[in-house]
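Chains E and V, in that order, are what the protein sequence lines are.
Everything in the first sequence is counted per our numbering, starting at 6 for the first residue and increasing by one.
Everything in the second sequence is counted per our numbering, starting at 919 for the first residue and increasing by one.
For glycine and all other residues, C-beta sits at the position ideal for the given N, C-alpha and C.
Below you'll find the structure, written out as structure tokens, and then a few comments.
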Amino acid sequence: MGGENKIEMGTSENGFIKRAMVIGGGIAGITASIDIGNAGYEVLLIERLPSIGGHMLQLSETFPTLDCAQCTLTPKTVETGQHPRIRLHTYSEVVRVAGRAGNFSVQIRKKAAYVDWEKCTGCGLCQQKCPSRYPSEFDRRMGLGKAIYTLSPQAVPNKPVINPEHCRYFLEKKCRVCEKICPVGAIHYQQEDRLIEEKVGAIVVATGFDLMPVERFGEYGYGEIPDVIDGLSFERLNSASGPTNGEIRRPSDGRIPKEVVFIQCTGSRDPERYMPYCSRVCCMYTAKHARLYKHKVHDGQVYIFYMDIRSTGKGYEEFIQQTMEEGILYLRGRVSRIFREGEKIVVWGVDTLTGKKVEVLADLVVLATAIVPHQETKTLAQILGIHSDSYGFLTEAERKLKPVETNQEGIYLAGCAQGPKDIAETVAHANAAASKVQALFATH
Amino acid sequence: MKKLGVFICHCGVNIAGTVDVKRVAEEIGRTEDVCHSVDYIYMCSEPGQQLIREAIQEKRLDGVVVACCSPSMHENTFRKAVKTAGMNPYLCEIANIREQCSWVHQKEKEEATRKALQIIQATLEKVRRNEKLEPLAMSLHRNVLVIGGGIAGMTASLDLAQGGYEVILVEKSPALGGHMAQLSKTFPELSPAFPGLLAKASEIEAHPKIELFCYSEVEEVKGYIGNFEIGLRKKTTYVDWTRCNGCGLCIEVCPIEYPSPFERGLGVRKAIDFLYPHCIPRRVFLSSTQCPYFKDRSCGRCAEVCPQRAIQFDQKEEKIERKVGAIVVATGFDLFPNEKLGEYGYGEIPDVIDGLTFERMLSPDGPTRGRIQRPSDGRVPKEMVFIQCVASRDPDRYMPYCSRICCMYTAKQATIYKKQVPDGQPYVFYMDIRSDGKGYEEFLQKTIEENGILYLRGRVSRIFQEDGKVKVWGVDTLTGKRVEIGADLVVLATAIIPSEGVKELASKLRATVDKHGFLTEAHIKLYPVESSTRGIYLAGCGQGPKDITDTVSQASATASKIQALLSTDKLFQDPLIAYVDETICSGCGICVEICPYEAREMDLRRGISVVHSALCQGCGACIAACPNFACELRNSSSIQTLRMVDTFI
Chain E
6 MGGENKIEMG TSENGFIKRA MVIGGGIAGI TASIDIGNAG YEVLLIERLP SIGGHMLQLS
66 ETFPTLDCAQ CTLTPKTVET GQHPRIRLHT YSEVVRVAGR AGNFSVQIRK KAAYVDWEKC
126 TGCGLCQQKC PSRYPSEFDR RMGLGKAIYT LSPQAVPNKP VINPEHCRYF LEKKCRVCEK
186 ICPVGAIHYQ QEDRLIEEKV GAIVVATGFD LMPVERFGEY GYGEIPDVID GLSFERLNSA
246 SGPTNGEIRR PSDGRIPKEV VFIQCTGSRD PERYMPYCSR VCCMYTAKHA RLYKHKVHDG
306 QVYIFYMDIR STGKGYEEFI QQTMEEGILY LRGRVSRIFR EGEKIVVWGV DTLTGKKVEV
366 LADLVVLATA IVPHQETKTL AQILGIHSDS YGFLTEAERK LKPVETNQEG IYLAGCAQGP
426 KDIAETVAHA NAAASKVQAL FATH
Chain V
919 MKKLGVFICH CGVNIAGTVD VKRVAEEIGR TEDVCHSVDY IYMCSEPGQQ LIREAIQEKR
979 LDGVVVACCS PSMHENTFRK AVKTAGMNPY LCEIANIREQ CSWVHQKEKE EATRKALQII
1039 QATLEKVRRN EKLEPLAMSL HRNVLVIGGG IAGMTASLDL AQGGYEVILV EKSPALGGHM
1099 AQLSKTFPEL SPAFPGLLAK ASEIEAHPKI ELFCYSEVEE VKGYIGNFEI GLRKKTTYVD
1159 WTRCNGCGLC IEVCPIEYPS PFERGLGVRK AIDFLYPHCI PRRVFLSSTQ CPYFKDRSCG
1219 RCAEVCPQRA IQFDQKEEKI ERKVGAIVVA TGFDLFPNEK LGEYGYGEIP DVIDGLTFER
1279 MLSPDGPTRG RIQRPSDGRV PKEMVFIQCV ASRDPDRYMP YCSRICCMYT AKQATIYKKQ
1339 VPDGQPYVFY MDIRSDGKGY EEFLQKTIEE NGILYLRGRV SRIFQEDGKV KVWGVDTLTG
1399 KRVEIGADLV VLATAIIPSE GVKELASKLR ATVDKHGFLT EAHIKLYPVE SSTRGIYLAG
1459 CGQGPKDITD TVSQASATAS KIQALLSTDK LFQDPLIAYV DETICSGCGI CVEICPYEAR
1519 EMDLRRGISV VHSALCQGCG ACIAACPNFA CELRNSSSIQ TLRMVDTFI
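Following this line, the structure appears as structure tokens:
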């Protein structure tokens, strides 16, 4: 792992600092960091969660090849952690940025993990023994996590943090099991947030996306009906490392659903109520979900409500065609109402191709909710002095010809922070940001 | 006897759900030379790697087998891990018990466990005879060839040149710009396409690090990553470009006009002319098939009038050779040939045109100076029909894939039309509206609402001429009703296909293409700009249809990969390649013929065959072919392979 190994800072004769900071440790930030690091420059990779990987680590398989997402991602996270020129600052946030290209002063808050990571060996005993269990955010609250946790067994870095909101010691001054069990004395309840100062010459912003909070979708029964979930939750249900070990079971009673309804454009393309834009990835991941479900539940029936099918990437249209051939029913139309009737969820909609009303009695409903910028992106934009649009997506310098540059020299964009995109587009976008950083450093 | 360690990964439940990993660890642990055998939930995790490192140091292991997923996933991870513990990385091997065992035998747990044991035993046989190897170091040329001078190739070239690397930019037409130079405005902002493009082209022309070869093609590619040898063919323009100053006097006096391919047949060019107005480089070229001088030596007025004496009727093609370290393929797209679209009336009905032709009509520099008029009679069309997905998404007849940009450019074109002809009515036939880029959906909504463009969801069944109109029959699948429109002009959004000659180029580069001719990336998600051949990178529509924004990102992405590649002066390659036992080799030369990578060569002086280590990919074809058993593969020797096979029978 990268750890705290010393990295010499490259500086040119005129004082231009040739070292980059990448904010966000998802696939965009990882890609940009590796590219810049491979070119010989030092990189500070800042991630707000305890380990890198981002949303891609939550995915089960990726379209259109149905490759296991973790399997393709973990070699990258490991490479990042072992990279001699990348230094990780996970569980950290950027607080302040001053200066300009070639000489940014950055203040970073390293959040209190309540674990001394210098001492911790990542043995995992503390997590095994911790008695406090609560719904895990990583598993979209469908599985239980511990108060002292890592995001996954393959976490990079593999160091745990304590969530004081759930830790018995912080709540009741009791327990201290982790402290007692830790063989190296790494538990440190008195640890406080730490502010550190760094100097960098260029910044890549790769803060990624969130799904639109499902609480806002009352009309879809979300919150009220436990078996109405969002797309990322379905990824966890379908993931071999997820809360059901990859068996698709509905949250309410653990039964295998026989009729599943997927609803696309939930919160997207809906200018009057939610977001006017298209979230770009939902058509494809819904088709993927439907197929993965069919592969596991052969006698199950899938219905997909859609507005337009958008499968514009390489091999995507062909993937949709195959999906339709597997007996998945596409219904063109919006859903008007979802309500519970006994153990079933009733979905009312209209098939605009026949003009008829449709009623489906479903066991599980999956909403493909809108992609929104990560909630802290706007604040970060202010800290960096870069522009964002009314939804909070960061604004590129020029729509067509400068898709990764910003209004500030030396600050570049990568991935979904700039707008919704799929993994392949995110990777190319992040490579592009890295190219700009390399060119900037080469010319000074 | 060697001391071997075996590390068995659960991969969560991916392996342990099927294979009894505890039993496997125990049984393997009983093997005589295995002095360490353990299982763990995720070997690739930091604690998993630590287990390996500690065992190597504590037990002084001299060989490691990690039983886990495919070596294409984590071989690198584990080889790095053993290296940090002081072991030669080539003494570490992967036994694939996931893709080749647990995943395919999920219902047969007992058999899967037995198979896992066998796979590990076989891999142990290999490790027992593995040698310590060092990576091969190669020198490299720190410059780049970019093939294609459209927006993709231009962006990649500028990024690389700004990064300090020398670039050789080759464009097959006489000027930079590619298809983007033909566009009127870009969506969704409706800003003119040309100024931004022109600025980039000027920058390229003036850049000291970029050597530009227009009207040139790549003839030959030899070599490998870091050391490519390139042969270029500079076609004849019949104009000495070092003398031509672009004054244009020759164009004025040239008596021959013919339909301009750049103007998609809407306008004309002279036999000697620019590729398009304001093109860069601002140099004329002469079409020998049109010029009367080449028919019967009549004319020659251009040569008379040229103040620079730049006209060279006897100009010959030039061959140019260069050595480069990396190659960007940015060969772009063509539109599906209209002649093949007979049922849309193309060719027969002059007022049925394609999207790029309409772009020329909309361009202020174009043949109509931006005025929308029917090609047949020059009248302003009052009813216009746009048809999307022409030859796209049509697996039975044409291309199965989506061409990605047509929904947006059609909306753009309909908007521009409506602004120019406020009392006109545009109709758009579509299958699904695909506006998934930033600001695209909003643009489309606005377009439909504010401009009164009528979107009809359905395919068109017939197009024919009647009473000076183009009749379009179709179905609106939302109402289920038949639609008949008497249009003045019909624009077809035809499918995007790879540009001509890409297949031939790809075979010269040893890069792969898919069945449609698009170049194939190394991994659809994580390596979108790397080709299947190391050192060759893909930018723009040659890899698949994409809009300008995505093309620019991808082009910059190739530049990032190449800057990282060329940032060192040595390249390292796996040493797992063929070698020759010189005492046995009879010099028969069979291996030279069979090698698909041109990595085998005869050493005529010594009468034996040798291996070109940088070219060898370790495929093993020569080993199978050698009648004398003189060839072997490093760490996959015949004895290793036979021992491995023995464990299975």
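Residue 239 of chain E - DSSP class collapsed to helix/strand/coil | If DSSP states are grouped into helix, strand and coil, residue 239 of chain E belongs with the helices.
What is the DSSP secondary structure of residue 8 of chain E, reduced to helix, strand or coil?
-> Annotation note: pLDDT 38 at residue 8 of chain E (below 50); position unreliable, coordinate value reported separately. Residue 8 of chain E: coil per DSSP, three-state reduction.
Have a look at residue 1321 of chain V and residue 176 of chain E and give me their C-alpha separation to the nearest angstrom.
-> Their Cα atoms are separated by approximately 57 Å.
Uninterrupted beta strand (DSSP E) stretches inside the segment 107 to 138 of chain E (no shorter than 3 residues) = Within the segment 107 to 138 of chain E, the complete beta strand (DSSP E) runs of at least 3 residues are 108 to 115.
Nearest to residue 942 of chain V (by Cα), restricted to the options V/1253, V/953, V/925 and V/932 = Of the candidates V/1253, V/953, V/925 and V/932, V/925 places its Cα closest to the Cα of residue 942 of chain V.
Would you report the Cα separation of residue 438 of chain E and residue 142 of chain E, rounded to the nearest angstrom?
-> Taking the Cα positions, residue 438 of chain E is about 30 Å away from residue 142 of chain E.
Identify the residues that DSSP records as bridge partners of residue 1014 of chain V: which are they?
-> In the DSSP assignment, residue 1014 of chain V is bridged to V/986.
Beta-carbon spacing of residue 1353 of chain V, residue 1361 of chain V below 8 Å | Their beta carbons are under 8 Å apart, which means residue 1353 of chain V touches residue 1361 of chain V by this criterion.
Counted within 10 angstroms of its Cβ, other Cβ atoms place residue 1213 of chain V as buried (16 or more) or exposed | Taking all protein chains in view, the Cβ of residue 1213 of chain V is surrounded by fewer than 16 other Cβ atoms within 10 Å, so the residue is classified as exposed.
Boundaries of the alpha helix (DSSP H) in which residue 1516 of chain V is found, first to last residue = Careful: residue 1516 of chain V lies outside any alpha helix (DSSP H) and carries neither H nor E.
Beta strand (DSSP E) runs contained entirely in the segment 1451 to 1521 of chain V, provided each spans 3 or more residues | Taking only runs of at least 3 residues, the beta strand (DSSP E) segments lying wholly in the segment 1451 to 1521 of chain V are 1454 to 1456, 1488 to 1491, 1496 to 1498 and 1518 to 1521.
Exposed or buried, residue 122 of chain E, counting other C-beta atoms within 10 Å across all chains shown (16 or more means buried)?
-> With 16 or more neighbouring CB atoms inside 10 Å of its own CB, residue 122 of chain E falls in the buried class.
Would you say residue 1056 of chain V and residue 1119 of chain V are within 8 Å of each other, going by their C-beta atoms?
-> Not a contact, by the Cβ cut-off of 8 Å.
Which same chain residues, not among the five before or five after residue 1003 of chain V, have their C-beta less than 6 Å away from its C-beta?
-> So the list reads 971, 974 and 975, once near-sequence residues are dropped.
Backbone secondary structure at residue 420 of chain E - three-state DSSP = Helix at residue 420 of chain E.
Select from E/171, E/242, E/343 and E/431 the residue whose C-alpha is nearest the C-alpha of residue 355 of chain E.
-> Closest option to residue 355 of chain E, Cα to Cα, is E/343.
Neighbour flag for residue 216 of chain E against chain V, beta carbons, 8 Å = No - not a single Cβ of chain V is within 8 Å of the one on residue 216 of chain E.
Examine chain V for any beta-carbon lying closer than 8 Å to the beta-carbon of residue 9 of chain E, and answer yes or no.
-> Low confidence applies to residue 9 of chain E: its pLDDT is 39, below 50, so where it sits in the model is not reliable, and the reading given next is rough at best. Taking CB atoms only, residue 9 of chain E has no neighbour in chain V less than 8 Å away.
Can you give me, in chain order, the residues of the segment 1448 to 1478 of chain V that have a beta carbon less than 7 Å from any beta carbon in chain E?
-> Those residues of the segment 1448 to 1478 of chain V that come within reach of chain E (Cβ to Cβ, closer than 7 Å) are 1462, 1466, 1467, 1468, 1470, 1471, 1472, 1474, 1475, 1477 and 1478.
With C-beta atoms as the reference, is residue 216 of chain E less than 8 Å away from residue 79 of chain E?
-> The beta carbons of residue 216 of chain E and residue 79 of chain E sit no closer together than 8 Å.
In or out: residue 337 of chain E buried (at least 16 other Cβ within 10 Å) or exposed?
-> In this structure residue 337 of chain E is buried. Its beta-carbon is surrounded by 16 or more other beta-carbon atoms within 10 angstroms.
Taking 8 Å as the CB-CB limit, is residue 936 of chain V close to chain E?
-> It does not; no Cβ of chain E falls within 8 Å.
Count the other C-beta atoms from every protein chain shown that fall within 10 angstroms of the C-beta of residue 947 of chain V, then say buried if there are 16 or more, exposed otherwise.
-> Classified as exposed, residue 947 of chain V has fewer than 16 neighbouring CB atoms from the shown chains inside 10 Å of its CB.
With a cut-off of 8 Å, do at least 3 Cβ pairs link the segment 1142 to 1152 of chain V to the segment 1163 to 1179 of chain V?
-> Here the segment 1142 to 1152 of chain V does not lie against the segment 1163 to 1179 of chain V, with fewer than 3 beta-carbon pairs under 8 Å apart.
State yes or no: is the C-beta of residue 1393 of chain V within less than 8 Å of the C-beta of residue 1303 of chain V?
-> Note that the C-beta distance between residue 1393 of chain V and residue 1303 of chain V is not below 8 Å.
Would you say residue 128 of chain E reaches chain V, if we count a Cβ-Cβ gap shorter than 8 Å as a contact?
-> Yes, residue 128 of chain E lies at the interface with chain V (some Cβ there is under 8 Å from its Cβ).
Contacts of residue 1395 of chain V in chain E (Cβ-Cβ under 7 Å) | Within chain E, the residues whose beta carbon sits less than 7 Å from that of residue 1395 of chain V are 358, listed in sequence order.
Residues of chain V with a CB under 8 Å from the CB of residue 195 of chain E: which are they?
-> Chain V residues near residue 195 of chain E: none, gap ~26 Å exceeds 8 Å.
Is residue 956 of chain V near the ligand FAD, judged by its Cβ being under 7 Å from some heavy atom?
-> Ligands are entirely absent from the displayed structure, and the ligand FAD is therefore not among its contents.
Which term fits residue 919 of chain V, buried or exposed, when burial requires 16 or more other beta carbons within 10 angstroms of its beta carbon?
-> By the 10 Å Cβ count, residue 919 of chain V comes out exposed.
Could you work out which residues of chain E lie near residue 1369 of chain V, taking near to mean beta carbons separated by less than 9 Å?
-> Under the 9 Å cutoff, chain E gives no residues; its nearest Cβ is about 17 Å from residue 1369 of chain V.
Taking the beta strand (DSSP E) that residue 1029 of chain V falls in, what are its first and last residues?
-> Not the beta strand (DSSP E): residue 1029 of chain V falls in the alpha helix (DSSP H), residues 1027 to 1046.
With DSSP collapsed to three states, give me the class of residue 1114 of chain V.
-> Residue 1114 of chain V: helix per DSSP, three-state reduction.
Quick one: residues in its chain with C-beta nearer than 6 Å to the C-beta of residue 1286 of chain V, no 5 flanking neighbours on either side, listed in chain order?
-> Closer than 6 Å at the Cβ level, and outside the excluded window around residue 1286 of chain V, lie 1279.
Could you tell me the distance, in whole angstroms, from the CA atom of residue 933 of chain V to the CA atom of residue 1020 of chain V?
-> So the alpha carbons of these two residues sit roughly 5 Å apart.
Can you find a CB in chain E that lies within less than 8 Å of the CB of residue 975 of chain V?
-> No - not a single Cβ of chain E is within 8 Å of the one on residue 975 of chain V.
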